[in-house]
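Residue numbers (the working numbering), protein chains in the order written: chain W, 1 to 151; chain P, 152 to 256.
Even for Gly, the Cβ is constructed at its ideal location relative to N, Cα and C.
Note that the structure is predicted; figures quoted are calculated from it, not measured.
Reviewing the structure listed below.
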Amino acid sequence: MSTMIQTNVQVYAVFIKASPEQIWEAITKPEFTSRYFYGSLVDSTFEAGTPYRSWSPDREKLWVDGEVLDSDPPRRLSYTWRALYDEETAAEEPSRVSWEIEPQEGGVSKLTVVHDQLERAPKTAENVAGGWMYILSGMKTLLETGEALSS
Amino acid sequence: MNDDSVFKALADSTRRLLLDRLYERDGRSLTELESDLEMTRFGVMKHLRVLEEAGLVVTRRSGREKLHYLNPVPIRLIHDRWIDKYTERRVSALADLKHKLEETA
Chain W
1 MSTMIQTNVQ VYAVFIKASP EQIWEAITKP EFTSRYFYGS LVDSTFEAGT PYRSWSPDRE
61 KLWVDGEVLD SDPPRRLSYT WRALYDEETA AEEPSRVSWE IEPQEGGVSK LTVVHDQLER
121 APKTAENVAG GWMYILSGMK TLLETGEALS S
Chain P
152 MNDDSVFKAL ADSTRRLLLD RLYERDGRSL TELESDLEMT RFGVMKHLRV LEEAGLVVTR
212 RSGREKLHYL NPVPIRLIHD RWIDKYTERR VSALADLKHK LEETA
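The structure is reproduced here in structure tokens:
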């Protein structure tokens, strides 16, 4: 099997049978992130210029530290991302995470995550590659069935 | 983006090859992708459109270029929905078979 060469931009997308408002809630409320984002608790006012933080389930450890760059509820959110849960990724420069929510026909929304500015964060790029896929699939399951993925 | 469109998109060797190319290096233009395929530009475009409609490829503009990104989420969803379910039984069936064979040996 060939090795994947990480690029500086990663794009993930999923269609979810939910309104942009419901998806926005799932991104910005800790009671939702705890159910699809490795149990993490998001902590931010989601206003540009304020901190974006994500805590371990017991609130003991800061897992992700960043700053909100752009926020336009319920359509667009962008923040910097420094993953502190791993020594190697914590030592790297911050990268950027952007969520885009576009309503489609039939009560479906298209959710896109772009993780970029990974030029000086190769370990982070490697680390998040499988993670976003798992997170988006988990969020879809949660919003459509009300259940968290078992594994 | 539903299971049918994903299975249909995957049921073609050229389209699977395009996904493999993007897996090796993501974020490529049409020109880059067509360079190692013996196919017209129009043919490659058609295949990329099927992949895009199935959600397996997502495009983003970067300056004047349209770049293609592999989106593995639909494959993950198929995995969660189908593969997990059937492989679990298969694994336990094999374990049973091994047990039986070893008993009679």
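If only complete runs of 4 or more residues are kept, the region 77-107 of chain W shows the alpha helix (DSSP H) at 87-90, in order along the chain. Looking from the CA of Ala91/W, the closest CA among Pro122/W, Val11/W, Leu143/W belongs to Pro122/W. At a beta-carbon threshold of 8 Å, the residues of chain P lying near Thr7/W are Arg176, Asp177, Gly178, ordered along the chain. Assignment of Leu207/P by DSSP, reduced to helix, strand and coil, places it in the coil class.
Taking C-beta atoms under 8 Å as the contact rule, Leu207/P and Val157/P qualify, at a distance of about 7 Å.
Between Ala26/W and Leu142/W, the C-beta spacing is below 8 Å.
For Gln117/W, there is no enclosing alpha helix (DSSP H), as DSSP gives it neither H nor E.
Secondary structure of Arg215/P (DSSP, three-state): coil. Within the region 9-37 of chain W, the residues whose Cβ lies closer than 9 Å to any Cβ of chain P are, in chain order, Val9, Gln10, Val11, Tyr12, Ala13, Val14, Phe15.
When rounded, the separation of the alpha-carbon atoms in Ala129/W and Pro57/W is 22 Å.
Relative to Arg76/W, the option among Ser109/W, Thr89/W, Glu60/W whose CA is nearest is Ser109/W. Burial state of Ser71/W is buried, judged by a 10 Å Cβ sphere holding 16 or more other Cβ atoms. Residue-level contact by beta carbon holds for Arg227/P and chain W, with a gap shorter than 8 Å. For Thr112/W, the neighbours in chain P by C-beta distance under 8 Å run, in chain order, Val209. Contact of Leu69/W with chain P by beta-carbon distance below 7 Å is absent, the smallest such distance being about 18 Å. Ile234/P: not part of any beta strand (DSSP E); DSSP gives it neither H nor E. Close to chain W, meaning a Cβ-Cβ distance shorter than 7 Å, are the following residues of the region 191-209 of chain P: Gly206, Val209. When the Cα atoms are used, Asp43/W and Ala83/W turn out to be separated by approximately 15 Å.
Taken atom to atom, the span from the alpha-carbon of Trp132/W to that of Glu100/W is near 14 Å. The region 201-219 of chain P and the region 9-26 of chain W touch, with no fewer than 3 CB-CB distances between them shorter than 8 Å. By the neighbour-count criterion, in which 16 or more other beta carbons inside 10 Å mark a residue as buried, Asp116/W falls on the buried side. DSSP links Gly66/W through a beta bridge to Tyr52/W. A distance below 8 Å separates the beta carbons of Leu218/P and Ser180/P.
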